[in-house]
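Encoded as structure tokens, the structure appears first; notes follow it.
Chains as they are written, first to last, in the working numbering: chain A, 10 to 265; chain B, 124 to 343.
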């Protein structure tokens, strides 16, 4: 089997992740999430919907063969996630999460704090993770040799900056996270580094070092224990296999 | 305590200009501090230790950085003349386009201005594709926000100033009659007093971007 078919066969999900039991049923407003099970950006939206107990349906996309519906719903980026609510599509995970928070504002938890200054701080650090850490993390995952060393160094430096930033949110150093205290910041860091142990297994290096970034390590550990996060995590072995294949595909395309 | 609002920016930054517009549209009194980025003030470094950049808004001693974050903060703190609409779907749309400006369009246009050869060609193609999306979004509308300017107009504002300057300096032709809605929009935007009276001085901008262009395209 060539690389492409190996990857496609892994990507076609054999087990759909079950639709969660909704806490509050919204029967009139249909909500659909176009996603792939391995997209961290789609994971963000999935978590936001589940945390707020919003009933929704999944449409699993095959990114090698995008549906006409996806291309129609997101002509600008042609990517997942796309949330469709009352027939109207929305793209860009962070925009979608703010939409969810504003539309279902009576559903707890609030995904952003109420106070404008606190909201600004949350948005600032969410944007930092989204813009600074995702790109560098992607570089670590998809390169080797000198390029990877450079990316690892950069990631380490940026994680130190994040570690400092998180002190303001968790001043006692031991975050206690529950379904009710998850917000857009926790969702975003979870989407990128929630599977850090899987990333470390695939790469053979430490990504989240409890000695270098103890607060981030504690935060991720606490987030991963949150019941909804736990039950939303895809199977360990399947994720390892997919991530390995993803890395290999990117490495071989550099060499060719 | 009297309200104290300070805006750290430079005379030319389009990101700082957004904040100037937002503050003035809402009639907020503020003190503008123009930084010299080759010699950043201790205050700026203290207020924005993560990026060490402008703009920074300081409200009663509390600093906020990143222009999109600042704009949302301003809209949530001072409710008059809202920048964002009330409807969540329209808000999501405005934010989507704001991100598109900063994550896609600015980068492709800057590459088209600064790169050479094949990279420049690719950046030109990307810029034209991106501008086409924006053109589609603007069709039939006076502003992105409808009849009044909103977040997306404020965030895209740099187009009306920088693209003509890039063209004058380097011949880079992007904003022309291929994009009639965009052209009409830049005209409407430029006629608003808050925009007209705050554009950075044209001659100074030409000198600045001429120097930058020569830096990226050294004569061999």
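For glycine and all other residues, C-beta sits at the position ideal for the given N, C-alpha and C.
Can you tell me which of the three DSSP states residue 343(B) falls into? Here residue 343(B) corresponds to residue number 220 of the second chain, with the count starting at 1. Three-state DSSP puts residue 343(B) in coil, outside helix and strand.
What residue range does the beta strand (DSSP E) around residue 91(A) cover? Indexing the first chain from 1 puts residue 91(A) at position 82. Counted as a single uninterrupted DSSP element, the beta strand (DSSP E) harbouring residue 91(A) occupies residues 91-94.
To test your reading of the DSSP string, which unbroken beta strand (DSSP E) runs of 3 or more residues are found completely within the stretch 185-222 of chain B? 185-188
Residue-chain proximity (residue 125(A), chain B), Cβ-Cβ < 8 Å: Locating residue 125(A) in the first chain gives position 116, counting from the first residue. Yes, contact with chain B.
Helix, strand or coil: which one does DSSP assign to residue 290(B)? As a first step, residue 290(B) is located in the second chain; it is residue number 167 there, counting from the start. Residue 290(B) falls in the helix class under three-state DSSP.
Please report the distance separating the alpha-carbon of residue 180(B) from that of residue 69(A). Locating residue 180(B) in the second chain gives position 57, where the first residue counts as 1. Locating residue 69(A) in the first chain gives position 60, where the first residue counts as 1. Looking at the two C-alpha atoms, the distance is approximately 42 Å.
Can you give the beta carbon distance from residue 160(A) to residue 149(A), rounded, assuming they're within the 8 Å contact cut? Along the first chain, one-based indexing puts residue 160(A) at 151. Along the first chain, one-based indexing puts residue 149(A) at 140. That belief holds up - the Cβ atoms of residue 160(A) and residue 149(A) are roughly 5 Å apart, short of 8 Å.
Determine, using beta carbons only, whether residue 151(B) and residue 128(B) come nearer to each other than 8 Å. For the purposes of this step, residue 151(B) is identified with residue 28 of the second chain, where counting begins at 1. For the purposes of this step, residue 128(B) is identified with residue 5 of the second chain, where counting begins at 1. Yes, the pair counts as a contact, with Cβ atoms nearer than the cut-off.
Can you confirm whether residue 99(A), when its beta carbon is compared against all beta carbons of chain B, has any partner nearer than 8 Å? Numbered from 1 along the first chain, position 90 holds the residue referred to as residue 99(A). Yes - at least one Cβ of chain B is within 8 Å of the one on residue 99(A).
Chain B partners of residue 82(A), CB-CB under 7 Å? In the first chain, the residue the question calls residue 82(A) occupies position 73. Those do not exist, as residue 82(A) stays about 12 Å from chain B at its closest Cβ, beyond 7 Å.
Out of 257(B), 291(B) and 293(B), which has the shortest C-alpha to C-alpha gap to residue 280(B)? Along the second chain, read from residue 1 onward, the residue named residue 280(B) stands at position 157. Nearest option by C-alpha distance: 257(B).
What residues from chain A crowd round residue 348(B), counting only those whose CB sits closer than 7 Å? No answer is possible for residue 348(B): the residues shown for chain B start at 124 and end at 343.
Judging by CA-CA distance, which residue of 134(B), 172(B) and 138(B) is the nearest neighbour of residue 157(B)? Taking the first residue of the second chain as 1, we reach residue 157(B) at position 34. Ranked by Cα distance from residue 157(B), the options 134(B), 172(B) and 138(B) are led by 134(B).
Candidates 92(A), 96(A) and 198(A), of which the one nearest residue 106(A) by Cα: Here residue 106(A) is taken as the residue at index 97 of the first chain, counted from 1. Residue 106(A) has its Cα closest to that of 92(A), out of 92(A), 96(A) and 198(A).
Going by DSSP in three states, residue 213(A) sits in which element: helix, strand or coil? As a working mapping, residue 213(A) is identified with position 204 in the first chain. Residue state, collapsed to three classes: coil.
Between residue 9(A) and residue 79(A), what straight-line distance do the alpha-carbon atoms span, to the nearest angstrom? No answer is possible for residue 9(A): the residues shown for chain A start at 10 and end at 265.
If you measure beta-carbon to beta-carbon, which residues of the stretch 199-225 of chain B are closer than 7 Å to chain A? 199, 200, 211, 212, 214, 215, 218, 219, 222 and 223
For residue 184(A), collect the residues of the same chain with a Cβ closer than 7 Å to its Cβ; drop the 5 residues on either side in sequence, then sort them by chain order. If you number the first chain from 1, residue 184(A) lands on position 175. Closer than 7 Å at the Cβ level, and outside the excluded window around residue 184(A), lie 227, 228 and 231.
Please determine if the stretch 282-298 of chain B and the stretch 222-240 of chain B are in contact, where contact requires at least 3 C-beta pairs separated by less than 8 Å. yes
Determine the chain A residues that contact residue 192(B) at a beta-carbon separation under 8 Å, and present them in chain order. Position 69 of the second chain, counted from the first residue, corresponds to residue 192(B). Residues of chain A passing the Cβ test: 129, 132, 133 and 136.
Consult DSSP for residue 32(A) and reduce its assignment to one of helix, strand or coil. Counting from one through the first chain, the residue named residue 32(A) turns up at place 23. In this prediction, residue 32(A) scores a pLDDT of 43, lower than 50, which makes its location untrustworthy; no coordinate-derived value is stated.
Short of 7 Å in beta carbon distance, which residues of its chain neighbour residue 219(A), apart from the five on each side in sequence? Order them along the chain. The sequence position of residue 219(A) within the first chain is 210, counting from 1. Cβ within range, chain order: 226.
Does residue 179(B) have its Cβ less than 8 Å from a Cβ in chain A? Counted from its first residue, the second chain places residue 179(B) at position 56. Cβ-Cβ to chain A under 8 Å: no for residue 179(B).
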